[in-house]
Structures are given as C-alpha cells and as structure tokens.
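Engineer: Numbering (my numbering), first residue to last: -15 to 698.
Have a look at this one.
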C-alpha cells in the first residue's frame, strides 16, 4: 500500500496563518491585518474600563455616563474633547455600555458546546458509497470593491467563465467607481451572471466590513438559487489556478466549510480590542486590554476570505437576528471588536452545529514575509491605525508561486494585484494556466490510444450500450489522461470510441456541428432495448452525397463513488465530514501520473491481478491526520462474488492525501460483483462495489454498464 503525502506544512506557516496582535512599542498602537478603507482613527486610554476588566468592579451605565461627563474618567473625557461633534455622544455611550456589560458577559450562560473543544472531528462510520456523475460545484462569488478598478474588471472576466453567479459590492463612498463598473458589465454583456451593488459604507477594520460580507452573502441567498458554495474575494485578488479545478475540489470535499483559523484560537483572546465606528471614523479603546467573552465561547480569528456551503450560509442568515442563537451571540460578541470580519466566520465555525463541517484551510496566498505598515494608500484608515498589508506581487514572488504549483497545493487565488502595476505577472499567470508556457508545468491532458486488451474491453462496453449495429463501426478507442493539477488529485476516467454511420434509410440529418440524438432509435428507426439515450455525431458529408457517412464520438465517463449525504439538513449539518472524498477501482494504476491507464469499475476478470483501490482523502481528514501526528492502521478489505475476503494492511502517514492498495493475490479471479471496504483505526470509512466480467466483457447487460458509467455528449 502506498500513500501520497500533503505538502502544506511549511506553506501553512508562510502563506496562510494570520492572527492580529499588538506591537511592543507602547500601549496605544493597534495593529490589524488586511488593512482597508476608513477615514480616521483615534486611540482611547481608559480608567473605568480598566477597573471593570482587571479589578472586577461593577459600574452601572448611568453612573459611567455621569462620571465620564464630569471628568471622572479622564481618558475618555480627554478624547471626547477632540472627537468630531457627530461622534461624541455615540462614543461615550458605546464606552459606558462596554463598561457596564463586563460583569454581564462574565456571568452570562455558557456558550453551548457542539463539538467540545477539539475543533475538527474525525469521521464516523459511513454507509456504502453511492455512484454519481462528477460535476463541478456551483460557486457564487462575492467581490468587495473599494479600489483597483482595472483589477476588478480583469478578475470578473476570469471568474465569470466558471462562476454560477458573481456579485460585486462597490463602497458607497465611490459613486464614480460604481458607474464605471456597472457600465463595463453592461458593455461586456455580463448582466445575466454579474450584479453590481452599492449599499454599505465600508471602513475596513470596523464592523461595517463584516456587515458588507454578510450583506453580500444574504443577497446571493435571496436572489440566486441552487448555488453550492459562497466564496468571497477582495478587489486585489486574482486566480492562480484553473477554476474548474476549484469546482472539482469542492465536489470532492462536499459539505466542508473552508475557514482558515490561526493555530492559537482554542484559548486565545487575541485581537479582542474594542473599536467604535462612527461614519468614516474608527475609535480604538484601550487596545492593551482584552475584552472578556462569555463562558465557553471559543474565540477564533483568521483571514476574512472563506468558502462556505449554501446550507451554512443559510443557517447564518436565518439566525443572525434570533435572540439566543449561536449566530446572534457570536455577532453580539464580535461587533464591538476590531476587525470582526476576521473573526466572525472563524468563531461561528467552532461555536455552532457546523463545527464538525469546519476545515482549517484557505484558498489564498500572498507575500506574507513582505507584510509592512501602510498608512498612505486609500485602503488604510489613518496614521494612528498602524495597518499591516501585503505588498503588490512582483517578479520576486514568481519563484514562490511556481513552488506552490509544483507542490500541488490546493490554493486558487493570490493577492495583491493592481492591474496598472501587475499586468505583466497576471499575463504570465494566464499564459501558464492556459499551457502557453511551461512555468506551472500544466498538463492540458490528451486522448491516448488504449493498449490492445483495454481497447477490446472498451469496444465491448461500447457495443453493449450503443447496440451491435453501431458497435460494428467503432474505431480509435482512446482514454483521456491528465495529471492532477491545482491541488486536485482526483479525476475520473473518460473513454471514447469513434462511430461511423452510413446515411442510409431512414436518412440521418447531418450538419457541420455535433448532433445530439434523443436515442439510438432516432438513428436507426428501430428500438434497441437498454440503449444509452445520447449519442453525439459529427458529419463527414451530406445526405445527397454518394457514400455519405456520419462520424461522431461515443464518450463513456466513469461515475464517482463517494459517501452519500448524512440525511436531512438538521442531521447533515451536525455530522462529521467523511474521511474519504472518493474511492476508485481500476487496472494499471500509474504512480507517476496518479491515474488509471486501463479499465475502471468494470474490469475483465483476467485483469484482477493488476487491480488497485485508490483512496482520495478529504482535506478535513488530512488535517485531522496532521493533528493526530501519528501513523494509523489502515486496512483495505476485498470481498469476492462468492464471499471470500482478503485484507491488505498498512500504516497511514499523518499527511496522506491519496492512498492505493492492491487486491491480495490469494483471492480468486472470479467474474461477478466485488466489494472493497476501507477501515481506519478499526472504523469503517467507506465501501463500494465493482464488477468483474468474464472473457472480453461482451456478455454484459446495458444496465451493468450504466451502473458505473454515463455517456456524455461532449
């Protein structure tokens, strides 16, 4: 048994982890990551607040307001004198409410524990895997825009090709930007898939940023049906991967909510600094203090860029105003703190029924070593708010990006880009992804001729599903081969056979484009029971021409085997994620290409000596393996049609992503339905069936083929 390991250990430290923390240069500086637009920030020292937090003093709201107004709280009174007129009353009320709430928070009912304090959970026993078409997840993107208009246009142009829908929010402070982008979307003819809105005045670092993120998510829930995942992006983001690989990755990890969390979250009060937002002004109150949290609330923080399921998004939207719900409790706790947008998705992920669906992983990389203070661009609040922001990417980042691609990390976007200054590197990314250059070693894939025995097998399957009359006209039997790319190791096999049909009676209508017939009977005028209902043909002549023939491709695609949904939504959301994303069985496994070169799912019995089971672990499982940090016992059990079993045992490395195991040689080469089970640490993780056919598989029934394959028209 062999394993392919995860390459992310070093990348997790260099690219993904991010926690806000104070600088060691005084008590009045406030540091925030992901700097953004705000007008002005002031810093407030404290006295009543310090007494409440550090000395457990109880101060009533009215008493605080009276003492602050009369100079009893010198720090606040001093600041109020320099505060803008429209913000003074609100700041004073905010401050005193926080002072009065300290004992209330500490004495409140403990937060409900849904997963204990263990974070991610191992999967429980799963039922037999179901076979289904492998389809890209449908992704709704939300882009929060303040600057970089050229980059936003280029970003939209790239993601709209793959996206189920795109929503862009332009800061209400940028009306000219809104008009420009709206006009551009119309000129590009993208209105059906792209909406542009402007509702929020966003001061990044304040609660308005979180309101904008949640507002965009709720807009997509209300106006766009049937998407699977919500993915949010910033205006300086750009894809560094083929986005169809993102769709395949999300299919393999169905139900996972990808919200990266800093490693110190479990018992950390990191970043619990009070911030009051008023118009375009932010006021940081006693940044040296950590405002208390209710008992048992696990405070978590990390990047504000996430990928969450529609079900999780709907749970948040439906409960955000429900008193006592985990969502409302978390919102109330975080809305008074600095950068709640970098805390909310993390904290609700570990304090809700969805804690077992949470995966600590992010889809972005940036030049983390290049993080620096920046108070000069329109994205940074002001000189008092010391923001750390990543630099624009340049040629110096290119080797790091190439390394990420070589190690096949599951990351799909990078930042920061500004199309005015980074057009060259974005052009290089596009060229590498399209295969025009070899910078990312991208394999576009190719159709390869099958070796003789495999070609005989495919011919037999094609004749079964297309009927003998068509089957006699088959040639050029091929398999599609492509190495894993963009962090997605899972792929399904696709086979094709060329079909030639005479333009005989009844005549076959031909055009210069591919034709899709409703059934084989449309071609021949007579029924062929059990035939597959779609055949794609391309003409090689017109009916009037003597010797006219219609030529097309019959395409068979392997169905994916994965765990079925846990059940109704209520049980699904609280169930652990499966450890196995997909389970495949086939012949001639290539360890170099990580793909099958021969038959899959339906196998000639004579080839059973070369059969492999390939296990694709989910990211949730791989992260759990990493956290365990120890080798585990893995068993793959094979059962023959007559009930005889054999087991291969091995140890599973902590960083495994793909494992494969051969069928024990002691088992007989019997035709019929086989099964394979995967056990980890004594727990059944998944099982599936496959079929072994006698001889050249010519005696198969169409139903047997359609159990494991679908015919596709393109």
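Built from N, CA and C at the ideal position, the CB exists for glycine as well.
Everything numeric in this text was worked out from a predicted model, so none of it was measured.
Determine, using beta carbons only, whether residue 316 comes closer than 8 Å to chain E.
Structural biologist: No chain E is part of this structure, which consists of one protein chain only.
Engineer: Determine the burial state of residue 700: buried for a count of at least 16 other Cβ atoms within 10 Å of its Cβ, exposed for fewer.
Structural biologist: Because the chain here runs from -15 to 698, residue 700 falls outside it and cannot be looked at.
Engineer: To the nearest angstrom, how far is it from the Cα of residue 58 to the Cα of residue 76?
Structural biologist: For this step, residue 58 is matched to residue 74 along the chain shown. For this step, residue 76 is matched to residue 92 along the chain shown. If I take the Cα positions, the gap works out to 12 Å.
Engineer: Looking only at C-alpha atoms, which of 252, 265 and 234 sits nearest to residue 291?
Structural biologist: Counted from its first residue, the chain shown places residue 291 at position 307. Put simply, of 252, 265 and 234 the residue whose alpha carbon is nearest the alpha carbon of residue 291 is 234.
Engineer: If you draw a straight line from the C-alpha of residue 673 to the C-alpha of residue 657, how long is it?
Structural biologist: Position 689 of the chain shown, counting from 1, holds the residue named residue 673. Position 673 of the chain shown, counting from 1, holds the residue named residue 657. Answer to the nearest angstrom: the Cα atoms are 7 Å apart.
Engineer: Which whole-angstrom value describes the C-beta separation of residue 189 and residue 323, a residue pair presumed to lie in contact below a C-beta threshold of 8 Å?
Structural biologist: For the purposes of this step, residue 189 is taken as the residue at position 205 of the chain shown. For the purposes of this step, residue 323 is taken as the residue at position 339 of the chain shown. So it is a contact: roughly 6 Å between Cβ atoms.
Engineer: Please confirm whether residue 240 and residue 586 have their CB atoms less than 8 Å apart.
Structural biologist: Against the chain shown, residue 240 aligns to sequence position 256. Against the chain shown, residue 586 aligns to sequence position 602. No. Outside cutoff.
Engineer: For the segment 208 to 228 against the segment 123 to 143, are there 3 or more C-beta pairs whose distance is under 8 Å?
Structural biologist: yes
Engineer: Among the candidates 73, 85 and 398, whose CA atom is the shortest distance from the CA of residue 43?
Structural biologist: Start at 1 with the first residue of the chain shown, and residue 43 comes out as number 59. Measuring from the Cα of residue 43, the nearest candidate turns out to be 85.
Engineer: How big is the Cα-Cα spacing for residue 121 and residue 544?
Structural biologist: The residue you call residue 121 lines up with position 137 of the chain shown. The residue you call residue 544 lines up with position 560 of the chain shown. Distance between the alpha carbons of residue 121 and residue 544: 14 Å.
Engineer: Using the three-state DSSP reduction, which class does residue 491 fall into: helix, strand or coil?
Structural biologist: In the chain shown, counting from the first residue as 1, residue 491 sits at position 507. Confidence at residue 491 is low in this model, with a pLDDT of 38, below 50, so its placement is unreliable and the value that follows should be read with caution. Taken through DSSP and simplified to helix, strand or coil, residue 491 comes out as coil.
Engineer: Determine which residues share a DSSP beta bridge with residue 645 and list them.
Structural biologist: By 1-based counting over the chain shown, the position of residue 645 is 661. Paired residue(s): 597.
Engineer: Can you tell me whether DSSP reads residue 333 as helix, strand or coil?
Structural biologist: Residue mapping note: residue 333 aligns to position 349 of the chain shown, counting from 1. Under the three-state reduction of DSSP, residue 333 is assigned to helix.
Engineer: Could you tell me the boundaries of the beta strand (DSSP E) in which residue 71 lies?
Structural biologist: Indexing the chain shown from 1 puts residue 71 at position 87. The continuous stretches of beta strand (DSSP E) do not include residue 71, which lies in the alpha helix (DSSP H) extending over residues 69 to 90.
Engineer: How many angstroms separate the CA atom of residue 470 from the CA atom of residue 48?
Structural biologist: What you label residue 470 is simply residue 486 of the chain shown in a count that begins at 1. What you label residue 48 is simply residue 64 of the chain shown in a count that begins at 1. Straight-line Cα distance between these residues: approximately 56 Å.
Engineer: Run through DSSP, which three-state label would residue 183 get?
Structural biologist: Along the chain shown, one-based indexing puts residue 183 at 199. In the three-state scheme derived from DSSP, where H, G and I count as helix and E and B as strand, residue 183 is classed as coil.
Engineer: Under 8 Å by Cβ, that's how I've got residue 113 and residue 150 pegged, so tell me the actual separation to the nearest angstrom.
Structural biologist: Here residue 113 corresponds to residue number 129 of the chain shown, with the count starting at 1. Here residue 150 corresponds to residue number 166 of the chain shown, with the count starting at 1. So it is not a contact: roughly 33 Å between Cβ atoms.
Engineer: What are the start and end residues of the beta strand (DSSP E) that includes residue 464?
Structural biologist: Along the chain shown, read from residue 1 onward, the residue named residue 464 stands at position 480. Element bounds for residue 464: 458 to 465.
Engineer: Where residue 681 and residue 675 are concerned, what is the direct C-alpha to C-alpha distance, given to the nearest angstrom?
Structural biologist: Numbered from its first residue, the chain shown carries residue 681 at position 697. Numbered from its first residue, the chain shown carries residue 675 at position 691. Spanning the two alpha carbons is a distance of roughly 10 Å.
Engineer: Can you find the residues in the same chain that come closer than 6 Å, C-beta to C-beta, to residue 397, ignoring five residues on each side of it along the sequence?
Structural biologist: On the chain shown, residue 397 is found 413 positions in, with the first residue counted as 1. So the qualifying residues of the chain are 221, 223, 347 and 348.
Engineer: Over the uninterrupted beta strand (DSSP E) stretch that includes residue 429, give me the two end residues.
Structural biologist: Indexing the chain shown from 1 puts residue 429 at position 445. Element bounds for residue 429: n/a, residue is neither H nor E.
Engineer: Runs of 3 residues minimum, wholly inside the segment 123 to 149: which ones carry the beta strand (DSSP E) assignment?
Structural biologist: 123 to 129
Engineer: Go to residue 206, then tell me how far its beta strand (DSSP E) extends in each direction, as first and last residue.
Structural biologist: Locating residue 206 in the chain shown gives position 222, counting from the first residue. Unbroken run through residue 206 is the alpha helix (DSSP H), 191 to 207; no beta strand (DSSP E).
Engineer: Measuring alpha carbon to alpha carbon, tell me which residue in 433, 613 and 480 is nearest residue 694.
Structural biologist: Here residue 694 is taken as the residue at index 710 of the chain shown, counted from 1. Residue 694 has its Cα closest to that of 480, out of 433, 613 and 480.
Engineer: Could you name the residues that DSSP lists as bridge partners for residue 675?
Structural biologist: Translated into positions along the chain shown, residue 675 becomes position 691. Partner(s): 586 and 657.
Engineer: If we count Cβ pairs, one from each stretch, closer than 8 Å, do we get three or more for the segment 596 to 615 versus the segment 563 to 574?
Structural biologist: yes
Engineer: For residue 180, count the other beta carbons within 10 Å of its own beta carbon; 16 or more makes it buried, fewer makes it exposed. Which is it?
Structural biologist: Taking the chain shown and counting its residues from 1, the one referred to as residue 180 is at position 196. Counting Cβ neighbours within 10 Å, residue 180 comes out buried, since at least 16 surround it.
Engineer: Check residue 113 in the structure and name its three-state DSSP category.
Structural biologist: For this step, residue 113 is matched to residue 129 along the chain shown. Three-state result, residue 113: coil.
Engineer: So, using beta-carbon positions, are residue 641 and residue 601 closer together than 8 Å?
Structural biologist: Here residue 641 refers to the residue found at position 657 when the chain shown is read from its first residue. Here residue 601 refers to the residue found at position 617 when the chain shown is read from its first residue. Contact flag set, yes.
Engineer: Since residue 448 and residue 115 are thought to touch, with beta carbons under 8 Å apart, how far apart are those beta carbons, to the nearest angstrom?
Structural biologist: What you label residue 448 is simply residue 464 of the chain shown in a count that begins at 1. What you label residue 115 is simply residue 131 of the chain shown in a count that begins at 1. Not confirmed; about 17 Å, so no contact.
Engineer: When the Cα of residue 33 is compared with those of 425, 152, 270 and 483, which residue comes out closest?
Structural biologist: Position 49 of the chain shown, counted from the first residue, corresponds to residue 33. Comparing Cα positions, the closest option is 270.
Engineer: Are the segment 152 to 163 and the segment 577 to 586 touching, with three or more C-beta to C-beta distances below 8 Å?
Structural biologist: no
Engineer: Using a Cβ distance threshold of 8 Å, determine whether the segment 617 to 629 contacts the segment 651 to 665, with at least three qualifying pairs required.
Structural biologist: Look at the beta carbons and you see the segment 617 to 629 touching the segment 651 to 665: at least three pairs across the two are nearer than 8 Å.
Engineer: If you draw a straight line from the alpha carbon of residue 95 to that of residue 275, how long is it in whole angstroms?
Structural biologist: Translated into positions along the chain shown, residue 95 becomes position 111. Translated into positions along the chain shown, residue 275 becomes position 291. Cα-Cα distance, rounded: 16 Å.
Engineer: What separation, rounded to the nearest whole angstrom, lies between the Cα atoms of residue 272 and residue 187?
Structural biologist: Here residue 272 is taken as the residue at index 288 of the chain shown, counted from 1. Here residue 187 is taken as the residue at index 203 of the chain shown, counted from 1. When rounded, the distance between both Cα atoms is 22 Å.
Engineer: Can you give the Cα-Cα distance for residue 391 and residue 484, rounded to whole angstroms?
Structural biologist: For the purposes of this step, residue 391 is taken as residue 407 along the chain shown, with counting starting at 1. For the purposes of this step, residue 484 is taken as residue 500 along the chain shown, with counting starting at 1. Answer to the nearest angstrom: the Cα atoms are 43 Å apart.
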